[in-house]
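**Student:** Just so you know, we're using our numbering here: the sequence shown kicks off at 1333 and counts up by one.
Here's a structure for you.
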Amino acid sequence: MSDQIGDRREEAGFEGVAQEVLDEKIRMFREILFEERSKIFQNAQRTLTEDMTIDVNELSDEVDRTAFEQNQALAFRLRNRERQLLNKIEDSIKRIENGKYWWCDDCDAWIGFNRLKARPVTTLCIVCKEKRERKERSSHHSKKTDY
Ligand SMILES: [Zn+2]
């Protein structure tokens, strides 16, 4: 199947995907991203609802309000990670719209459908990703020795 196309590293400059295949993939990945996005919205909604029902019942009006505000702040913080993911998803949707989605941000290599399927918000090919991870790991390591 064409799923294998472009997933081999030596195909860094791969341009052999037929436009129809690409169009189909664009539809597929857009769907994946939209679905991820609505999942985040649903989760956020649930977090907010659960947070707000914790303290409301037994407390006085004034404490209610404070608790409500605290919960709002908490929910906001909890959703920081989700918001970051949301930003990535929005970015990826933009990348699809302007045709950059398939290509690595760092080296312009073909990222590959399988990698994008596994990580729909990635902007890097596996080689650049591994390079960055190595860099991150070594900087984490040097931070740890400071303790
Ligand atoms: Zn790259």
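Beta carbons: idealized from backbone N, C-alpha and C, even for Gly.
As a quick exercise: from PHE1445, ILE1458, GLU1462, pick the residue whose alpha carbon is nearest that of GLU1356.
**Tutor:** For the purposes of this step, residue 1356 is taken as the residue at position 24 of the sequence shown. Among PHE1445, ILE1458, GLU1462, the Cα nearest to that of GLU1356 belongs to PHE1445.
**Student:** Taking just the CA atoms, how far does GLN1377 sit from ALA1441?
**Tutor:** Against the sequence shown, residue 1441 aligns to sequence position 109. Against the sequence shown, residue 1377 aligns to sequence position 45. About 38 angstroms.
**Student:** Measuring only the C-alpha atoms, how far is THR1381 from ILE1425?
**Tutor:** Taking the sequence shown and counting its residues from 1, the one referred to as residue 1381 is at position 49. Taking the sequence shown and counting its residues from 1, the one referred to as residue 1425 is at position 93. Near 28 angstroms, if we compare the C-alpha coordinates of ILE1425 and THR1381.
**Student:** With 16 as the cutoff for other CB atoms within 10 Å, does THR1454 come out buried or exposed?
**Tutor:** The sequence position of residue 1454 within the sequence shown is 122, counting from 1. Residue environment analysis places THR1454 among the buried positions, since at least 16 neighbouring C-beta atoms fall within 10 angstroms of its C-beta.
**Student:** Could you tell me if PHE1373 is buried or exposed, where buried requires 16 or more neighbouring beta carbons within 10 angstroms of its beta carbon?
**Tutor:** As a position in the sequence shown, residue 1373 is number 41, starting the count at 1. Looking at its Cβ environment, which holds fewer than 16 other Cβ atoms inside 10 Å, PHE1373 is exposed.
**Student:** State yes or no: is the C-beta of ALA1450 nearer than 7 angstroms to some heavy atom of ligand 1?
**Tutor:** Here residue 1450 refers to the residue found at position 118 of the sequence shown. Not so, every heavy atom of ligand 1 lies at least 7 angstroms from the Cβ.
**Student:** Hey, out of GLU1352, ARG1362, ARG1413, VAL1353, whose CA is closest to TYR1433's CA?
**Tutor:** On the sequence shown, position 101 is the one that residue 1433 refers to. Here the closest residue by C-alpha is ARG1362.
**Student:** Taking just the CA atoms, how far does CYS1460 sit from GLU1422?
**Tutor:** Your numbering for residue 1422 matches position 90 in the sequence shown. Your numbering for residue 1460 matches position 128 in the sequence shown. So the alpha carbons of these two residues sit roughly 22 angstroms apart.
**Student:** Can you name, in chain order, every residue of its own chain whose Cβ lies under 7 angstroms from the Cβ of GLU1414, other than the five neighbours on each side?
**Tutor:** As a first step, residue 1414 must be located in the sequence shown, where it is residue number 82. ILE1372, ASN1375, ALA1376, listed in sequence order.
**Student:** Nearest to ARG1451 by alpha carbon, out of VAL1349, VAL1353, ILE1364?
**Tutor:** Counted from its first residue, the sequence shown places residue 1451 at position 119. Answer by Cα proximity: ILE1364.
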